[in-house]
Amino acid sequence: MGWIAIGILAVVAICLALSTWVIKPAKAAALDDSYAAEDYFAAGEYQTALEGDGSSLGFRDIIDQYGAKAGKAVYMYAGVSELQLKNYEDAIKYLKKYKGKDDILAARALSCLGDAYCGTGDYNAALAAYNKAIKKADNQFAAAYMLKAGITCEELGDNAKAVQYYEAIKDKYPQSLEAYDIDKYIARINLQ
């Protein structure tokens, strides 16, 4: 019985030591390394944000070195940077790994994922991503995702479904920016 207790204590001690001397310092280093990349991202310098500037790491290297220890947001930053650079496959790869708990950011990541799928021409996958974004964000941001879903439906040749999205914007989010011009989208389809 005594050896079992000693074994359990040893395992607990090893876990605490790993947490204290390995995991926490790695997380802190990852956060420190990501500040410069975040600044480049905010300035719209997406290539430098991804690759670094020679003296600081970019998001790609941060992900390679630290992985999930760098935090979930690093996948969002990398994915959006790749999307802005029209590297759609890489954007999809990073955005799929983003698993944030904040519904607004999670919806935004899903919308960006949809944009990346549109960039590859996979409109069915794009529509699925937009629908997930709509479900995550039941707020004014959902109108933008509904508009993207409607446009994607038009690309797929499903004008009736597109009108449903446009009408939903009009009904659910009449004060949104998207609602101001939504009648143009509906009229354009009705004229076809």
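Here the sequence shown stands for residues 7 to 198, where the numbers follow the working numbering. Note that beta-carbon positions come from the ideal geometry of N, C-alpha and C, so glycine has one too.
Which of helix, strand or coil DSSP assigns to residue i
i: Y136; result: helix
i: S40; result: helix
i: Q90; result: helix
i: K33; result: Low local confidence applies: a pLDDT of 47 at K33 is under 50, so the model's placement there is unreliable, with the coordinate-based value given in what follows. In the structure shown, K33 sits in a helix (DSSP, three-state: H, G or I).
i: Y52; result: helix
i: Y151; result: helix
i: Y104; result: coil
i: Q71; result: helix
i: G77; result: coil
i: W27; result: Because the pLDDT at W27 is just 39, under 50, the model does not fix this residue reliably, and the value given afterwards should be weighed accordingly. Here W27 sits in helix by DSSP.
i: L183; result: helix
i: I188; result: helix
Span of the alpha helix (DSSP H), counted from its first residue to its last, around residue i
i: D177; result: 165 to 178
i: N145; result: No alpha helix (DSSP H) contains N145, which DSSP labels as neither H nor E.
i: S117; result: 109 to 126
i: L63; result: Premise fails: L63 is in no alpha helix (DSSP H) and is neither H nor E.
Sequence-distant residues of the same chain with beta carbon closer than 6 Å to residue i, five excluded per side
i: S182; result: Q146, A149
i: M82; result: Y104, A115
i: A112; result: G106, K142
i: K178; result: none
i: A122; result: L89, Y94, A97, I98
Cβ neighbours of residue i in the same chain (closer than 7 Å, five flanking residues each side left out)
i: Y136; result: S117, G120, Y151, K154, A155, T158
i: I4; result: The chain is shown from 7 up to 198; residue 4 falls before or after that span and cannot be answered.
i: I188; result: Y172, I175, K176
i: V80; result: S40, F65, I68, I69
i: C86; result: For the sequence presented, residue 86 should be read as Val rather than Cys. Closer than 7 Å at Cβ, skipping near neighbours: C118.
i: E57; result: G64, R66
Cβ neighbours of residue i in the same chain (closer than 8 Å, five flanking residues each side left out)
i: G125; result: L89, K92, Y94, A97
i: Y46; result: Y52, T54, A55, D59, G64
i: E184; result: A149, A150, M152, L153, I175
i: Q198; result: N165
Supposed close pair residue i, residue j - CB separation, criterion 8 Å
i: L101; j: A115; result: 5 Å
i: S62; j: A43; result: 7 Å
i: V169; j: I140; result: Their Cβ separation, rounded to whole angstroms, is 16 Å, which puts V169 and I140 out of contact at 8 Å.
i: Y186; j: E161; result: Contact flag wrong, Cβ pair sits at about 23 Å.
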